[in-house]
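Working notes, beginning with the structure itself.
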Amino acid sequence: MKNKKKIPVCVIGAGRIGLSHEFDKKRMKPASHVGMWARNRNCDLVAICDKNFSQYKKAKKIKKNIKFFKDPKKMLNHIRPKIVSIATWKDTHFKITKLCIHHGVKVIVLEKPLANNIKQAKEIISLIKSKKVKILVNHRRRFDEEIIKLKKKLDKGLIGEIIQASSYYVYGLLTTATHTIDTLRYLLSGKAGEIKEVYGFKNNFKNFASYDDKNYDAVLVFQNGLKVTLQSLDIKSYDNFDFYFYGKKGKVLITDIGRTILKYDIQKSPEHSGFTELKKISSKICSSKPRKQFSKLAENAIDCLNKKNAFPLCSAKDSYIDMEVINKIILSAKDNSRKKKINIK
Ligand SMILES: NC(=O)c1ccc[n+]([C@@H]2O[C@H](COP(=O)([O-])OP(=O)(O)OC[C@H]3O[C@@H](n4cnc5c(N)ncnc54)[C@H](O)[C@@H]3O)[C@@H](O)[C@H]2O)c1
């Protein structure tokens, strides 16, 4: 494809996930928004925008002739990109997303969260409806081929009816558990429906989190009655992103920060006649290698631009529901763990 036919793309916010992760030797590439667009042969990453000029030098190491702006408005007016990635600080997403929409951008790849509060999230959702804009929120497990395959398998009854599940996270309900909640909703929605109510709990153990985003525990109740626990650990001890799903025909464990998916079948008990139990040896149902989630995200964004009937694998509505669940967990934890209903309109 000749350069002039390539899709013009810009990135706003070239910090860690916007750019710097591309220089982390351990990470699978692309590992950032700049890397994702610079490596995509159907796109031309024309410019980046950041408050911090020093990021420009780094970006030039990835794409020599890239342009740099400090003001997003100037960049949008000058470049007129068709796709924009937004990876700025979380409290700026609402304002910058609106700015992009008002400058005619039709596809936006947005880091979570969608907005600062539910009112703003609803405003964005009604705006994208009226302006025919597609927003892809980077809840990265929805762009993970192995998680996508697992969802299909669970829907087809891989471990039968799922009757209990638990999940673990570190470092903040909004920062990390938002990914856990989103992954649970994605994997379970086929059989269990949406989360209809939550019970939140403060974590009273010493555990590390930022001052404005604490660790909370919760019980999430899905529409079919399935209860899932969401439990926080201490990132200073170790990172963790485990999920346990107990079905009537076996168990699935997602472990290794999501890289490994294991299935445990049922066997006759070696010790008690007439009883069955889960095997202690599992079978791996994926390769345990990191997956190219950023490549899948770019592919989905390009489809959303070019095809009328293509939709975000993680939509603004998904992010809004995740936000509502998080808000209600905090509300419940501050109200003696009383039940809080999830209101989605
Ligand atoms: N999806 C994921 O797995 C994941 C992982 C990490 C971070 N995030 C999200 O990505 C976002 C960025 O996180 P980070 O860790 O990269 O932060 P960061 O501080 O490293 O980077 C943010 C960058 O945005 C720039 N910026 C902020 N406001 C700006 C504005 N108005 N105009 C231009 N530039 C601006 C800053 O100068 C900075 O370089 C956050 O919303 C965070 O929640 C998502």
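What the sequence shown shows, in my numbering, is residues 47 to 391, in sequence order. Don't be surprised by glycine CBs; every beta carbon is placed ideally from N, CA and C. Treat the numbers as computed from the prediction; the structure is a model and nothing was measured.
Where does residue i sit, in a helix, a strand or coil, going by DSSP?
i	result
Asp-259	strand
Cys-350	helix
Val-151	coil
Thr-134	coil
Phe-189	helix
Leu-266	strand
Asp-90	strand
Ile-372	helix
Val-274	strand
Ser-378	helix
Lys-391	coil
Ser-100	helix
Lys-158	coil
Cys-146	helix
Ile-53	strand
Val-179	coil
Ser-329	strand
Lys-116	coil
Ile-171	helix
Lys-335	coil
What do you reckon, is the C-beta of residue i under 7 Å from a heavy atom of ligand 1?
i	result
Trp-83	no
Thr-221	yes
Arg-186	yes
Asp-96	yes
Glu-157	yes
Arg-62	yes
Thr-134	yes
Gly-59	yes
Gln-166	no
Thr-138	yes
Pro-118	yes
Ile-142	yes
Gln-101	yes
Apart from the five residues on each side of it in sequence, which residues of its chain come closer than 6 Å, Cβ to Cβ, to residue i?
i	result
Tyr-102	Phe-114
Lys-120	none
Glu-323	Ser-315
Lys-342	Phe-189
Ile-205	Gly-293, Lys-295, Gly-296 and Val-298
Thr-301	Asp-288
Val-155	Ser-131, Leu-182 and Ala-347
Phe-291	Ile-208, Ala-211 and Val-298
Ala-238	Phe-268, Asn-270 and Leu-272
Which residues in the same chain as residue i place their Cβ atom closer than 7 Å to its Cβ, once the five residues preceding and following it in sequence are excluded?
i	result
Ala-93	Cys-56, Ile-112, Lys-113, Phe-114, Phe-115, Met-121 and Ile-125
Ala-60	Val-80, Ile-94, Asp-96, Gln-101 and Ala-105
Ala-356	Asp-349 and Cys-350
Going by beta carbon distance, what residues of the same chain come within less than 8 Å of residue i, once the five residues before and after it are set aside?
i	result
Ser-328	Leu-299, Leu-308, Lys-309 and Tyr-310
Ser-383	Tyr-245, Gly-246 and Phe-247
Lys-242	Val-267, Phe-268, Gln-269, Lys-387 and Ile-388
- request: Within the segment 203-256, note down every full beta strand (DSSP E) run reaching 3 residues or more, in order along the chain.
  value: 208-216 and 241-248
- prompt: What are the complete beta strand (DSSP E) segments, minimum 3 residues, inside the segment 281-327?
  reply: 289-293, 296-301, 306-310, 312-314 and 322-324
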